[in-house]
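Numbering (this note's numbering), first residue to last: 1318 to 1738.
So, in structure tokens, the structure goes:
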């Protein structure tokens, strides 16, 4: 829970502090009330009946047209900000409500001022969660605080002097990052109506060509190392949180102090896997499928992989995405056998118990990993520092299925600075 609260705090402050350090004061501040209606998809068999999902959100944003920092100009002046919202999932007794805080970024779509793509990632607090006795049908959420994500497409259908009226369509998701089971999560599809209230003193359409700096095209190389501490749950019979330890490195290039791409590696050690093997639990006992794991518990509890890494810098902050390929993750086979067979697999598994099949879905999730999150850099990337440190919060997944939630500390060394032609 402490880790989740830390991540919650990091996300709430993500863009709040991003703009306060600069001297420029001309980026247009907007407040956008938003109402949404939609469907809460069933998370499990026997899921409670739901009516229309209803959301009310306040979006506090800044247009970056007048921001002289390079990232704002390279990204064509997006809008950034923080959304605060409340959600009624359509069944207050079983699903309750969620209160969400979510940093967001919004880009033009189709090269038009009328169309916008809006995406955000943050955290939600839930008033209702799964309970085996009092709320057994709702298997979507089992923790008070979860990750939250939204992706929307907006269309501005009417503009007046003070208000831009918009409608939208999109997807919202909540899950706890596999820190406790059950973790089916909420998936919702909604339509939106919003009113972007302009600040009359700061019009984002002002022509600032004469006051904004002109940037040269640049590139430099970097290498980086990080250490991470994650947490996850293993199975219903082993539903306490245990640590996932990570070390990783990468090498790549940064373009225009804004875009980063690199390749790297990671090593992870899963405490749950190690304890299962060391504890001589059912499936590693003599004569069982994974008895050979006991010959070297550390080796079989380890995970080694290679990655492709992309990041967008917003000066002190980074929006971070990583795709990886697992070269070695033997205990995921054990994990899959326990969790993808019959429901409620007990700690003592009889030989007659039906376990998960190692099918095509397993093979993909066994090999493909992903990592999505946010970073805060000690020195703003606008300055292209030779040495820098960061703290990050990430959700790690097996091909989109949550694996563990992680906090990390990293070091970056940059070199070979040069202009591009």
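Positions of the beta carbon are idealized from the N, C-alpha and C atoms, including for glycine. Please read these numbers as outputs of a predicted model, since none were measured by experiment.
message = Can you tell me whether residue 1540 is helix, strand or coil according to DSSP?
response = Residue mapping note: residue 1540 aligns to position 223 of the chain shown, counting from 1. Strand.
key: Runs of beta strand (DSSP E) lying entirely within the segment 1434-1522, each at least 3 residues, in chain order   = 1462-1476, 1480-1492, 1503-1514
task = Measure from the alpha carbon of residue 1529 to the alpha carbon of each residue in 1391, 1346, 1727, then state which is nearest.
result = To locate residue 1529, count along the chain shown from 1; it is residue 212. The shortest C-alpha separation from residue 1529 is found at 1391.
query = Between which two residues does the alpha helix (DSSP H) harbouring residue 1381 extend?
reply = Your numbering for residue 1381 matches position 64 in the chain shown. Careful: residue 1381 lies outside any alpha helix (DSSP H) and carries neither H nor E.
Same chain, Cβ closer than 6 Å to residue 1639, five either side skipped, listed in chain order = Your numbering for residue 1639 matches position 322 in the chain shown. So the qualifying residues of the chain are 1624, 1626, 1688.
task = List the whole-angstrom C-beta distance separating residue 1471 from residue 1433, where the pair is believed to meet the contact cut-off of C-beta under 8 Å.
result = Residue mapping note: residue 1471 aligns to position 154 of the chain shown, counting from 1. Residue mapping note: residue 1433 aligns to position 116 of the chain shown, counting from 1. Confirmed, about 4 Å.
inquiry  = Using a Cβ-Cβ cutoff of less than 6 Å, which residues in the same chain neighbour residue 1657 once the five nearest sequence positions on both sides are dropped?
reply    = Here the question's residue 1657 lines up with position 340 in the chain shown. Here the set comprises 1673.
query = Nearest-angstrom Cα distance between residue 1588 and residue 1670?
reply = Position 271 of the chain shown, counted from the first residue, corresponds to residue 1588. Position 353 of the chain shown, counted from the first residue, corresponds to residue 1670. Those two C-alpha atoms are separated by around 25 Å.
ask   = For residue 1533, which three-state DSSP category applies?
value = Stepping through the chain shown from its first residue, residue 1533 is reached at position 216. If DSSP states are grouped into helix, strand and coil, residue 1533 belongs with coil.
query = Hey, residue 1575 and residue 1629 are a contact pair by Cβ (cut 8 Å); roughly how many whole angstroms apart?
reply = The sequence position of residue 1575 within the chain shown is 258, counting from 1. The sequence position of residue 1629 within the chain shown is 312, counting from 1. So it is a contact: roughly 7 Å between Cβ atoms.
request  = Along the beta strand (DSSP E) that carries residue 1640, what are the first and last residues, could you check?
outcome  = As a working mapping, residue 1640 is identified with position 323 in the chain shown. Unbroken beta strand (DSSP E) run through residue 1640: 1634-1645.
task = To the nearest angstrom, report how far apart residue 1403 and residue 1413 are at their CA atoms.
result = Counted from its first residue, the chain shown places residue 1403 at position 86. Counted from its first residue, the chain shown places residue 1413 at position 96. Near 11 Å, if we compare the C-alpha coordinates of residue 1413 and residue 1403.
message = Could you check whether the segment 1436-1443 touches the segment 1408-1423, counting it as contact only if at least three pairs of C-beta atoms, one from each stretch, sit closer than 8 Å?
response = yes
inquiry  = Only counting the same chain, and skipping five residues up and downstream in sequence, which positions put a Cβ closer than 6 Å to that of residue 1620?
reply    = The residue given as residue 1620 occupies position 303 in the chain shown. Closer than 6 Å at the Cβ level, and outside the excluded window around residue 1620, lie 1585, 1646.
message = Let me make sure I understand the geometry here. Which of 1592, 1603, 1600, 1631 has the alpha-carbon closest to that of residue 1614?
response = Within the chain shown, residue 1614 is the residue found at index 297, counting from 1. Cα-wise, what sits closest to residue 1614 is 1592.
query = Alpha carbon to alpha carbon, how far is residue 1724 from residue 1716?
reply = Position 407 of the chain shown, counted from the first residue, corresponds to residue 1724. Position 399 of the chain shown, counted from the first residue, corresponds to residue 1716. So the two alpha carbons sit approximately 20 Å from each other.
request  = With DSSP as the reference, please indicate the residues paired to residue 1418 in a beta bridge.
outcome  = Residue 1418 sits at position 101 when you count from the first residue of the chain shown. Its beta-bridge partners are 1401, 1440.
inquiry  = Using C-beta distances below 6 Å, list every residue in its chain close to residue 1733, excluding the 5 sequence neighbours before and after it, in chain order.
reply    = Within the chain shown, numbered from 1, the residue matching residue 1733 stands at position 416. The answer, listed in chain order, is 1537, 1538.
ask   = Which same chain residues, not among the five before or five after residue 1663, have their C-beta less than 7 Å away from its C-beta?
value = Numbered from 1 along the chain shown, position 346 holds the residue referred to as residue 1663. These residues qualify, in order along the chain: 1554.
ask   = Is it buried or exposed for residue 1694, if we count other Cβ within 10 angstroms and need 16 for buried?
value = Here residue 1694 refers to the residue found at position 377 of the chain shown. Residue 1694 should be labelled buried.
task = Consult DSSP for residue 1339 and reduce its assignment to one of helix, strand or coil.
result = For the purposes of this step, residue 1339 is taken as residue 22 along the chain shown, with counting starting at 1. No answer about residue 1339 holds up, because its pLDDT of 48 lies below 50 and its placement is not dependable.
ask   = Counting only runs that start and end within the segment 1553-1609, where is the beta strand (DSSP E) found for 3 or more residues in a row?
value = 1559-1572, 1576-1587
key: Rounded straight-line distance, which links the Cα of residue 1492 to that of residue 1498   = Within the chain shown, the letter at position 181 stands for residue 1498. Within the chain shown, the letter at position 175 stands for residue 1492. Those two C-alpha atoms are separated by around 10 Å.
ask   = Short check: CB of residue 1353 to CB of residue 1509, under 8 Å?
value = Within the chain shown, residue 1353 is the residue found at index 36, counting from 1. Within the chain shown, residue 1509 is the residue found at index 192, counting from 1. Against a cut-off of 8 Å, the Cβ pair of residue 1509 and residue 1353 comes out as a contact.
query = Could you check where the alpha helix (DSSP H) with residue 1655 kicks off and where it finishes?
reply = To locate residue 1655, count along the chain shown from 1; it is residue 338. It spans 1648-1656 - the alpha helix (DSSP H) in which residue 1655 sits, taken as one unbroken run.
ask   = What three-state label does DSSP hand residue 1802 in the structure shown?
value = In the structure as shown, the chain begins at 1318 and stops at 1738. Residue 1802 is therefore absent and cannot be evaluated.
query = Below 8 Å between beta carbons: does that hold for residue 1505 and residue 1370?
reply = The residue you call residue 1505 lines up with position 188 of the chain shown. The residue you call residue 1370 lines up with position 53 of the chain shown. Yes; because the gap between Cβ atoms is below 8 Å, this pair is in contact.
task = State the Cα-Cα distance for the pair residue 1362 and residue 1457, rounded to the nearest angstrom.
result = Translated into the one-based positions of the chain shown, residue 1362 becomes position 45. Translated into the one-based positions of the chain shown, residue 1457 becomes position 140. Using only the alpha carbons, I get a separation of about 11 Å.
inquiry  = Just to confirm my understanding: we take residue 1489, look at its own chain, exclude 5 residues before and 5 after, and list those with CB closer than 6 Å. What are they?
reply    = For this step, residue 1489 is matched to residue 172 along the chain shown. Hits under 6 Å: 1467, 1505.
request  = State buried or exposed for residue 1464, treating a residue as buried only when at least 16 other CB atoms are found within 10 Å of its CB.
outcome  = Along the chain shown, one-based indexing puts residue 1464 at 147. Classification for residue 1464: buried.
inquiry  = Per DSSP, what are the beta-bridge partners of residue 1623 in this structure?
reply    = On the chain shown, position 306 is the one that residue 1623 refers to. Residue 1623 is bridged to 1582, 1642.
DSSP-derived helix/strand/coil call for residue 1614 = For this step, residue 1614 is matched to residue 297 along the chain shown. Helix at residue 1614.
inquiry  = Buried or exposed, going by whether 16 or more other CB atoms sit within 10 Å of the CB of residue 1550?
reply    = Position 233 of the chain shown, counted from the first residue, corresponds to residue 1550. By the neighbour-count rule (16 or more Cβ atoms within 10 Å), residue 1550 is buried.
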